[in-house]
Amino acid sequence: MGVRMAGSIGKGYAKVIIFGEHFVVYGLPGVAAGIDKFVQIEAQKVKDSDDVLFDDKVFNEKLSEKKDSENIKFKLLHAIFDKEEFLPKKGIKFIINSNFSAGSGMGYSAAFCVAITRAMNNLFSQDWKNEKINELAYLGECVAHGKPSGIDNTCATFGTTIWFEKNMQEEKNKVRPIKCGKNLYFVLADTGIKHNTKEVVEKVKKFKEENKKEFDVICSDYKSIVSKAKKEIQFGGVIEIGKLMNQNHLLLKQLGVSNEQIDQIIRIANFEGAIGAKITGAGMGGNVLILCENEKGQEKIINSLIGKGFEAIKIKVN
Ligand code: MEV
Numbered sequence: 566m567g568v569r570m571a572g573s574i575g576k577g578y579a580k581v582i583i584f585g586e587h588f589v590v591y592g593l594p595g596v597a598a599g600i601d602k603f604v605q606i607e608a609q610k611v612k613d614s615d616d617v618l619f620d621d622k623v624f625n626e627k628l629s630e631k632k633d634s635e636n637i638k639f640k641l642l643h644a645i646f647d648k649e650e651f652l653p654k655k656g657i658k659f660i661i662n663s664n665f666s667a668g669s670g671m672g673y674s675a676a677f678c679v680a681i682t683r684a685m686n687n688l689f690s691q692d693w694k695n696e697k698i699n700e701l702a703y704l705g706e707c708v709a710h711g712k713p714s715g716i717d718n719t720c721a722t723f724g725t726t727i728w729f730e731k732n733m734q735e736e737k738n739k740v741r742p743i744k745c746g747k748n749l750y751f752v753l754a755d756t757g758i759k760h761n762t763k764e765v766v767e768k769v770k771k772f773k774e775e776n777k778k779e780f781d782v783i784c785s786d787y788k789s790i791v792s793k794a795k796k797e798i799q800f801g802g803v804i805e806i807g808k809l810m811n812q813n814h815l816l817l818k819q820l821g822v823s824n825e826q827i828d829q830i831i832r833i834a835n836f837e838g839a840i841g842a843k844i845t846g847a848g849m850g851g852n853v854l855i856l857c858e859n860e861k862g863q864e865k866i867i868n869s870l871i872g873k874g875f876e877a878i879k880i881k882v883n
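Residue numbers (my numbering): 566 to 883.
And the structure:
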């Protein structure tokens, strides 16, 4: 093994989708926020090595491309960087850390792709701007999720609150920053069930194919929800935002991406005075996003959820 050299660090942010998971895949708008949780990857040059190594502290595994080339991390690496002809792709070690978990609806794979892209950018002084980082990370997301909308990697790159519309002609997506009229105090409650985004997106696609008319009605209802939501978020109409989140959740239920644990969390949250609650991310597990009136409301709901065996954290979006 070669000599360890000084490394370069890259971060990719976790996200919450406030409105629009699944709908964004079909070109409808969504609102999402990058949050203060992240995947952090350190890239180091390893002298005299023609291997690539991962020391993954999140999944607790040490991998070498020579032995473990089928591992998804090597596939992501190649999807992201193979077209960057002059970028070295050997003699590198990546050390992965994160302060949130994969499969929880918070965009772990997107945060991973952004973090590794930034780490390589820094290690090889590429001077890539955020837009390029986002484009490269999307190539990795396509391996992780099939044909994702791009909302996750956009949040993972920018780490702020955005209005997002996928361009269905494979051109540039519409991404606009949104300034919230008032801080939004959320609780993110974990069902404890890991989901596979690709599978859940497939499930919705099947629903669409088998229920064309119903799907169209659901989409048209969603469109009206998200356009009202945008105004209310900018204005700071917290109560209205909560109502719209509840309506968005009912549509997600119609698409078949809720489950018993999600419903249970929402019942507990509503009992404790939640203003609104919905799935965030693909659903079928993962996290539930609960809007609270203020920090006191957050604490009350978190205590109750923890008492019932769920993990829950506070999030502030602005
Ligand atoms: C996953 O975080 C969000 C989905 O809408 C998929 C996507 O946008 O690609 C379910």
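C-beta atoms are modelled at their ideal positions from N, C-alpha and C, and glycine is treated no differently. It should be emphasised that the depicted structure is a prediction, and the values quoted were computed from it without experimental measurement.
Taking only three categories from DSSP, how would you classify residue i?
i: residue 845; result: strand
i: residue 755; result: strand
i: residue 616; result: coil
i: residue 730; result: strand
i: residue 691; result: coil
i: residue 876; result: strand
i: residue 717; result: helix
i: residue 883; result: coil
i: residue 669; result: coil
i: residue 634; result: coil
i: residue 738; result: coil
i: residue 611; result: strand
i: residue 743; result: coil
i: residue 789; result: helix
i: residue 824; result: coil
i: residue 686; result: helix
i: residue 852; result: strand
i: residue 566; result: A caution first: residue 566 carries a pLDDT of 47, below 50, which makes its placement in the model unreliable, though a value can still be read off. Residue 566 falls in the coil class under three-state DSSP.
i: residue 776; result: coil
i: residue 809; result: helix
i: residue 862; result: helix
i: residue 642; result: helix
i: residue 796; result: helix
i: residue 760; result: coil
i: residue 831; result: helix
i: residue 867; result: helix
i: residue 725; result: coil
i: residue 710; result: helix
i: residue 705; result: helix
i: residue 680; result: helix
Assuming residue i and residue j make a contact with CB atoms under 8 Å, what is their CB distance in whole Å?
i: residue 656; j: residue 610; result: 6 Å
i: residue 881; j: residue 750; result: 6 Å
i: residue 598; j: residue 720; result: 7 Å
i: residue 577; j: residue 707; result: In fact, because the Cβ distance is near 16 Å, the residues do not count as touching under 8 Å.
i: residue 661; j: residue 604; result: 7 Å
i: residue 756; j: residue 827; result: 6 Å
i: residue 842; j: residue 811; result: 7 Å
i: residue 624; j: residue 630; result: The Cβ separation is near 16 Å, so there is no contact.
Taking the alpha-carbon of residue i as reference, which of the options has the nearest alpha-carbon?
i: residue 820; options: 579, 687, 587 and 692; result: 587
i: residue 840; options: 865, 850 and 825; result: 865
i: residue 770; options: 784, 737, 758 and 759; result: 784
i: residue 590; options: 753, 765 and 760; result: 765
i: residue 872; options: 768, 804 and 754; result: 754
i: residue 614; options: 688, 658 and 793; result: 658
i: residue 601; options: 626, 676, 641 and 572; result: 676
i: residue 585; options: 696, 606 and 727; result: 727
i: residue 711; options: 674, 699, 787 and 723; result: 674
i: residue 801; options: 833, 792, 744 and 752; result: 744
i: residue 834; options: 818, 849, 817 and 807; result: 807
i: residue 688; options: 653, 672 and 664; result: 653
i: residue 878; options: 798, 759, 671 and 731; result: 671
i: residue 830; options: 859, 643 and 867; result: 867
i: residue 748; options: 876, 668, 594 and 863; result: 863
i: residue 813; options: 804, 768 and 794; result: 794
i: residue 809; options: 856, 763 and 838; result: 856
i: residue 854; options: 876, 845 and 664; result: 845
i: residue 642; options: 667, 832, 616 and 664; result: 616
i: residue 594; options: 737, 730 and 860; result: 730
i: residue 685; options: 779, 645, 612 and 624; result: 645
i: residue 596; options: 733, 788 and 804; result: 788
i: residue 680; options: 705, 583 and 837; result: 705
i: residue 579; options: 666, 825 and 762; result: 666
So if DSSP puts residue i in a beta bridge, which residue, or which two residues, is it bridged to?
i: residue 857; result: 750
i: residue 663; result: 604
i: residue 621; result: 626 and 661
i: residue 599; result: 580
i: residue 573; result: 608
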